[in-house]
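Under UniProt numbering, the first residue of the sequence shown carries the number 1, and numbering increases by one thereafter. Glycine included, every Cβ here is placed at the ideal spot set by N, Cα and C. Just so we're clear, the structure is a prediction, and the values are computed from it rather than from any experiment.
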Amino acid sequence: MRISGVPTNKFTFPILLHAYTRYPSPSEGTQVHAHALKFGFCEDLYVRNALISLYGACRLLYESRKVFDEFPNSRDVVSWNAMLVGYVRNEQIFVAEYMFDQMPERDVISWSTLIMGYVQNGDLEKGLVLFSEMIRNGSVSVNEATLVTVLSGSAQLGLLEHGTFVHSIIKKVKFPLTLALGTALGDMYAKCGCIDLARYVFYELPKRDIFAWNAMICGVATHGQGKEALELFQRSIDEGFNPTAVTFVGILNACSRAGLVNEGRHFFNSMVRDYGIEPEMEHYGCMVDLLGRAGLVPEALELIEGMSIKPDCVLWATLLGACKIHGFIELGIIIGKKLIKLEPGHDGHYVLLAALYAKARKWEDVIKVRKLMSSHCTSKVAGWSLIEASGRLHKFIAGDLDHKESSKIYKMLEMIGKKLVEAGYLSNVSSVLHDIEDEEKMHVINVHSERLAIAYGLMIIDQDCPIRIVKNLRVCVDCHEFCKMVSKVLVREIIVRDGSRFHHFRDGSCSCLDYW
């Protein structure tokens, strides 16, 4: 352009800078900045905004802020948004919060950027609170990106009330149900325990892509609907969609949750044979989980040893868990020791190895493992349970005394315990890793986080509404039995999303058919 003698103008530089922002290149970007200075275009607002965006994309926040501060009296909302995006992109959420609070005016991009920053950085609650504030503010209209982000946050935490609130906003403003929005909405309902509503949204979509099919297949898989997942897979094939690696993760998970061993073997082999998809670590993980759950520990070990890629610690830990459940003590101890050498700072390996020793009643070895765990400055990951009520999130840990209603919760738990014992309930204390009397073990189990959450749910949630719990770890055998008994004796529906799958407890039975 310069060789041809065509003069540059204020529109030339923003176009160039935006190109380097999309594919961040600090060296080329700074050269363009130098030329803009040379030709006197850096006082132009559009050029400055483009420079702020460029430096933010290149992780050069000092330079970005320097451009932003040069002309404090000639900035617009785009200038502020560019800085906000830069801080969020570089995970400086506290600075982004400060920037957001200082903004003289905000538009939908301002709100959406900070909401997305919260969600992407794991602070889902703050993101959802800010979205609610944005709606109450009423000065901006929501966009699709914001709605998808908030639905994703609601799905991750299993917050049905927040998710349905977003759905009500979509209906109220008559927002078109695009593929991205419809898929996010269906995924939210599936992950919040409402698989029927997820199905409804899925079948209401005017058209579907492979991402929508994958979300639905994975959704029914987590609810233990293995046969339905296989039917959905076949329907997607019949409609001309080619499965992806994610599709097979969903299918293999479905087989694992439903105990469909032969079907799982078939689809694992079909990946390469029929679709040319090489198994990745997650696919091997699904197969080890499937075989391990079914008690086929030797076959799972053979699969790991014959892998085309190096197995990671997650695979070995999955096999270790299967050894614990099905009594392969010797193999489990070997794997447990191997894992501790590979990942000495991972508390879960010590816990599983200690559990194997406890199962073999080798209490001295349990103590040794616990001391070893302590010496590596690790501690057991605390189990927690969440329950949502009236728009508020309540989090419990085992033996929690911090909740303002603690005394009432423990009284409720005591009342529940008496009713269950009268109905014939006996605690299964096999998951307690201490050489203590059974009575003490019962006390340890009786204050598990999901029990506290259920007791609180019984206090505040209407009789005709399900009690919905989200738990970060796999529910233990005794708490699973506890939930079944509560659903029968107190005539309540309980839905638990644990670290493995969904459990729908009704009238004394669970949707997992005690296979989890």
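- Judged by DSSP in its simplified three-state form, Phe505 adopts strand.
- DSSP places Cys510 within a strand segment (E or B) once states are collapsed to three.
- Taken in chain order, the complete alpha helix (DSSP H) segments of 4 or more residues contained in the UniProt repeat "PPR" (209 to 243) are 210 to 222 and 226 to 238.
- Three or more beta-carbon pairs separated by less than 8 angstroms are not found between the stretch 388 to 395 and the stretch 360 to 373, which leaves the two stretches without contact.
- For Val475, there is no enclosing beta strand (DSSP E), as DSSP gives it neither H nor E.
- DSSP places Ala423 in the coil class of the three-state scheme, outside both helix and strand.
- Membership of Ile340 in the alpha helix (DSSP H) is indicated by the continuous run Ile329 to Leu342.
- The secondary-structure analysis by DSSP pairs Ser385 across a beta bridge with Phe396 and Lys471.
- Secondary structure remark: continuous alpha helix (DSSP H) runs of at least 4 residues inside the stretch 84 to 115, in chain order: 93 to 102.
- Ile454 has no beta-bridge partner at all, per DSSP.
- In terms of Cβ geometry, Ile93 and Gly117 form a close pair [threshold 7 angstroms].
- Cβ-Cβ distances below 6 angstroms link Ser154 to His162, Gly163 and Met188 in the same chain, with the five nearest sequence neighbours on each side left out; the list follows chain order.
- Scanning Leu45, Gln156, Val369 and Leu185 for the CA closest to the CA of Val78 turns up Leu45.
- A Cβ-Cβ separation of about 15 angstroms leaves Met83 out of contact with Ser112 under the 8 angstroms criterion.
- By the criterion of at least three beta-carbon pairs nearer than 8 angstroms, the stretch 337 to 351 is not in contact with the stretch 399 to 413.
- Residue range Ile494 to Arg497 is occupied by the beta strand (DSSP E) that includes Val496.
- Ranked by Cα distance from Asn81, the options Val95, Phe100 and Pro72 are led by Phe100.
- Non-local beta-carbon contacts of Ile309 in its own chain, meaning distances under 6 angstroms to residues more than five positions away in sequence, are absent.
- Note on geometry: alpha-carbon atoms of Lys324 and Lys368 lie some 18 angstroms from one another.
- Contact between Arg451 and Ile387 fails: their C-beta atoms lie close to 12 angstroms from each other, not under 8 angstroms.
- Counting only the Cα atoms, Asn121 lies some 22 angstroms from Met103.
- If the five residues before and after Tyr62 are omitted, its C-beta is found closer than 6 angstroms to no C-beta atom of its own chain.
- Taking 7 angstroms as the cut-off, the beta carbon of Gly499 is found no closer than this to the beta carbon of Val447.
- Rounded to whole angstroms, the gap between the alpha carbons of His403 and Ala36 is 59 angstroms.
- Annotated as proximal: Leu51 and Val67, with beta-carbon spacing under 7 angstroms.
- Taking 7 angstroms as the cut-off, the Cβ atoms of Phe248 and His283 count as close.
- Pairing Leu291 with Glu299 gives a Cβ-Cβ distance under 7 angstroms.
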